[in-house]
Structures are given as C-alpha cells and as structure tokens.
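Accompanying notes for the structure given below.
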Amino acid sequence: MRGNSLNRWLGGAAMVAALLGLSGGGTLARAQNTTGTVRGVVTGEGGAPLNTVQIGARNVESGVPRGTESRDDGTYVIAGLTPGTYDMTVRRIGFSPVTRRVVVQIGATQIQNFTLTTQPTTLAAVAVIATAPVAETRTSEVATNVTTAQIEKLPTPSRNFLDLAALAPGVTVTEDRVNGQFRTFSAGGQSANSVNLFIDGTSLKNDLTAGGIAGQDASRGNPFPRSAIQEYRVISQNFKAEYQKASSAIITAQTKSGGNTWSGNAMFAYQNKNMVQLDSFQRKDQTAANKAGNLYNRPDYKRSLAAFSIGGPIIKDKMHFFGSYEGNYQDRSNRVNINAPATSFPALDTVNVTRYNGSFISPFRENLYFAKIDDALSENSNAEISYSDRHETDVRDFGGITTYQNAVNYRQIVRIGQAKYNWFKGAALNEAKVDYSVFRRNPAPNQPGDPIRHFFYNGGEARIGANASI
C-alpha cells in the first residue's frame, strides 16, 4: 500500500457528551469520557440533609474554581472536572466550613459526603484533610485507572505509555523486543484490532489498514508523547455507547495542562547492544564461535530517547499552556547472508550474489509533538485547543537472503487538531468538540532502482533489487 491517507473531519460542534442530569433525582452526567465527577450528600450533626450549602472545588495546579449548591435532599454533583487534585470547601451560614483535598480521576466518580457542625468558627488556620475515595457503585464498567504517579514512576524501556495498560486485568501489551516491528495492546482474548484509544476524547482508531490504534500495527514507536499524558483509564468490560469501534477494551486518556507556576521536565535515555542480554539463539552462536576460535560480534543496536515538556500560566487562574516533545531514535543491525552457488553458473557469476552480504543498519526515527491551551471562560464554562503531530520513518524488511537494496522505508504521519467547549452547572454537563485527524502511511523503496530479481539456484536463493511492489 503506497501513498494512502485518511483525513477524518468530525464536523460542526459534534456532541461528545449529551446534556444529562437535569432531573430532580440527581442523575449524573454519565457520558463524560475525559473528565471526572464529585458527588455526595451534605448533612447536619443529626444527619438531616442541608440545602443551599455552597460547595466549591479549586484545582490545586491551575487555581481554576468550580462550584455548586446542595439541593433540598442535601445531594450535590460537580460534573466535568478536569482530572487532578482539588481542594473542596463546604460552607453554610451558621456552620463551620469544611475543607478537604480530593483527587479526581478520568472517567471516575468520587463520592464525598460532608457533615457540618454548628460549632463557632475560630480564627485558627484552615486544615486541608485528604480522604480515601469511596467506591462508585452506580456503574457496571470494569475499569482500571493508571495515575499520574504511575506514569511518572513506573519505568518502561520504550517510554510507551500503553505499556502500563498491562496493570489492568485481562490486558496484554506487546513486549518491547529489539527486533519488534509493532507495539499494540489487546484484551479479553481478542486481537489488537478490537481495541480503541481516545486522547482528550478524540478517537485514534486505525480506519486505514488493519484496525486497532492508528499506526501501531506496523510501528515500533509510541502513539503519543508519554510526558504529555496526565492519566488514563482502561475499560475492559461494559463500556458505554460513546466509546466507538471497539469490542474488547478502551483506553481513554487525558493530556496535561499547564498550572499557575511555570515548570518543565527533561529526560534522556540511552541503550546499546552491551545493555541487552543475548537470546538463546545468539548464545548458541556465541558458543559455536568460541569453540571454533572465532570472535563473536553482537549485532549492532542502540536506542536513544529524549523528552522535554513545559507548562505554565498565560493568565493566572484562567488561561494556561502546556507543550511537549519526545524523540525516539533506534538503530538495529540486519545481516544479509546469501550462500554462494554450489556450482558455477555463468549467469549468476556475473551477478556475484555474495557481494551483497554484510551487516547493515536498520534506522528508526520518530518525533512526537504536543501543544495545548486551556481557558476558564467563566464559572460555568471552559474551552481548550490542542494539536499533536507524530512523524516517523522506519527502514526495514531486509536481511537473510534479502539484500539491503530491497529495504522499505515505512513513513507514517498522525496529526490531530481539536477544539473543545464545556458547559456545566451542577449535575448538568455539555461537552462539544470539533476535531480534525490525519493518518497517513506511505511505504516506499528505500533505494529506488531496478526492480527486485529473485534467484533460485543449487545451494541457495537471493532477492536483489528495489522493492517496487509496495
């Protein structure tokens, strides 16, 4: 397949989550897939529900406030919260205020109940108390949340954020092998074509080739910069209707946003052939070489990973910026080993097939970019725009009886631009989003020239020439 591309336009203010939760019974806005919810009940000392209580939630990082009031039955809901840490404050005239620190996770509902006392308020310092989350019992989803701390502290050699999806029961992630040519995940005994990935609500489904995640069925790279992922949720059963084009598992991820303080991170990792253990076949070759008195040379290999991110305020407590870059540079060695003809063939003698033998580098290059601006427009609305770009090249498909002339350069581009607007008030949540996605795969001969010639002869075979068949 050559020169194929897919441009997806999800036009005109597409509704990602419908307006829900307007009934007096306290139904939640359940269609959210990139935000979280806090709900609960506010009562007095005797257990009686308290209405018109002011409940506020302020994001610790960005300073953006959210709020609502408790209803006649004492219940409250704050929907559409960006995942992160919040300081919740509950106030009512005649009662002592209560402040509590809460961690809101993507796609999850936090239950936080408050009991207010009529004790007089003194001028003592306000204590922020962190509490353990209460399990949500109103959903049938079977899901595992991968937190910011896990993404930052659990090491994976490839820095592919999908590696941590293996923390969810029943989910399998492709091993990071030196000679690997794809990185996917699967679940429930089904293939990798049965999954889907959403980043900030935008689907990365591969609608061009085999299915699964765009680009991952033929790439050893990463689908998105890990330094730009705040957290994600792996849903392996009973996911809702808004998650499309999947039958086994869904991953929905939330990207990072800037805070009220400018900060950044940088990292560099390096690995070469001396840091990789020989497999059983290579150890056998090494033993045979040692017995024959020959020097065994490890196949050439090196991988360099570089990452950089920065975020901070454009307008404090209102507008913030975040950007990141990750580079993935790999060099592997493929050996061409064509046997000489057992007997003389005049036609083959002019070709001299053994002159194509040797070790050749198979280079892989990937660059990932992400930028995002978010704005707290009002107490009841916010907006964000973001753009991501993935560009990679991978020269491979040679070695053994296939000469380096036959190598293919797999070139891939994945671009996503999106704009999102959220309106919220209590239990009501409306998310409107427009996105534009490009997935382009354009494999081409790495060395254009004479078309491939396939030789069969006594003692071996050889493939020589450019691969013009793709």
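Each residue of the sequence shown is one higher than the last, beginning at 6 in my numbering.
Beta carbons: idealized from backbone N, C-alpha and C, even for Gly.
Cα-Cα separation between residue i and residue j, rounded to whole angstroms
i: L213; j: T57; result: 53 Å
i: G405; j: V176; result: 34 Å
i: G85; j: L434; result: 6 Å
i: P304; j: N357; result: 25 Å
i: S224; j: G332; result: 14 Å
i: F286; j: P368; result: 23 Å
i: G216; j: K210; result: 7 Å
i: I343; j: K158; result: 46 Å
i: K261; j: F327; result: 7 Å
i: Y274; j: R308; result: Strictly speaking, residue 274 in this sequence is Ala, with Tyr absent from that position. A274 and R308: Cα-Cα distance of roughly 8 Å.
i: K377; j: R370; result: 24 Å
i: V109; j: G194; result: 31 Å
i: S442; j: L55; result: 48 Å
i: T87; j: D440; result: 19 Å
i: G317; j: I60; result: 27 Å
i: A18; j: N387; result: Confidence in A18 is poor, its pLDDT being 36 and thus under 50, which makes the residue's placement too unreliable to answer from.
i: I111; j: L373; result: 23 Å
i: R458; j: A347; result: 20 Å
i: R71; j: L382; result: 12 Å
i: T144; j: F444; result: 34 Å
i: Q155; j: T407; result: 43 Å
i: T152; j: G51; result: 37 Å
i: A294; j: K245; result: 58 Å
i: E436; j: G454; result: 53 Å
i: G269; j: E384; result: 28 Å
i: G226; j: R97; result: 53 Å
i: Y361; j: R340; result: 10 Å
i: M93; j: R105; result: 5 Å
i: R395; j: R446; result: 12 Å
Bridge partners - residue i, DSSP secondary structure assignment
i: Q335; result: R308, F369
i: P456; result: A471
i: A62; result: R71, M93
i: A388; result: D380, Y426
i: Q417; result: E397, R446
i: N201; result: I255
i: T48; result: P54, T120
i: G328; result: I315, A376
i: Q235; result: None, per the DSSP bridge assignment.
i: M272; result: A312
i: E466; result: F461
i: N150; result: R238
i: G363; result: V341
Near the ligand MN: residue i beta-carbon under 6 Å from a heavy atom
i: Y301; result: The ligand MN is not among the ligands present in this structure, which contains no ligands whatsoever.
Identity of the residue in the options nearest residue i by Cα
i: T42; options: F429, G470, D222; result: F429
i: S75; options: N302, K278, A432; result: A432
i: V178; options: Q221, V443, F273, M93; result: Q221
i: V107; options: F100, T39, N118; result: N118
i: G206; options: Y374, S196, G422; result: G422
i: E397; options: N38, R420, V69, S253; result: R420
i: V183; options: M280, P228, I116, F229; result: M280
i: Q417; options: G465, Y441, P228; result: P228
i: D380; options: F460, S252, I320; result: I320
i: Y462; options: N385, P351, P450; result: P351
i: A197; options: A219, D181, R340; result: A219
i: A113; options: D399, M272, N372, V239; result: V239
i: G464; options: A345, F444, T152; result: A345
i: G263; options: Q242, L310, A246, K323; result: K323
i: S191; options: G51, S208, A170; result: A170
i: D77; options: M93, Q282, S252, A53; result: A53
i: S272; options: N243, L310, F375; result: Note that residue 272 corresponds to Met in the displayed sequence, not to Ser. The candidate whose alpha carbon is nearest that of M272 is L310.
i: E247; options: R44, F203, A293, M93; result: F203
i: E389; options: R44, Q259, A473; result: Q259
Nearest-angstrom beta carbon gap, residue j and residue i [assumed within contact, 8 Å]
i: N265; j: S67; result: 6 Å
i: S314; j: S232; result: 4 Å
i: T48; j: V65; result: That belief does not hold up - the Cβ atoms of T48 and V65 are roughly 26 Å apart, past 8 Å.
i: K289; j: Y306; result: No, K289 and Y306 are not in contact; Cβ-Cβ is about 19 Å, not under 8 Å.
i: A424; j: N451; result: At roughly 38 Å, the Cβ-Cβ gap does not stay under 8 Å, so A424 and N451 are not in contact.
i: I5; j: F166; result: Because residue 5 is not part of the residues shown, which for the chain are 6 to 475, the question remains open.
i: I469; j: Q410; result: 6 Å
i: G99; j: V46; result: Not confirmed; about 19 Å, so no contact.
i: P230; j: Y301; result: With a Cβ gap of about 38 Å, P230 and Y301 do not count as contacting.
i: T73; j: S101; result: With a Cβ gap of about 20 Å, T73 and S101 do not count as contacting.
Residue i and residue j closer than 7 Å at C-beta
i: V103; j: V95; result: yes
i: N299; j: K250; result: no
i: Y237; j: I256; result: yes
i: F460; j: A467; result: yes
i: N414; j: A449; result: yes
i: S364; j: S338; result: yes
i: S199; j: S253; result: yes
i: V147; j: Q242; result: yes
i: T149; j: A173; result: yes
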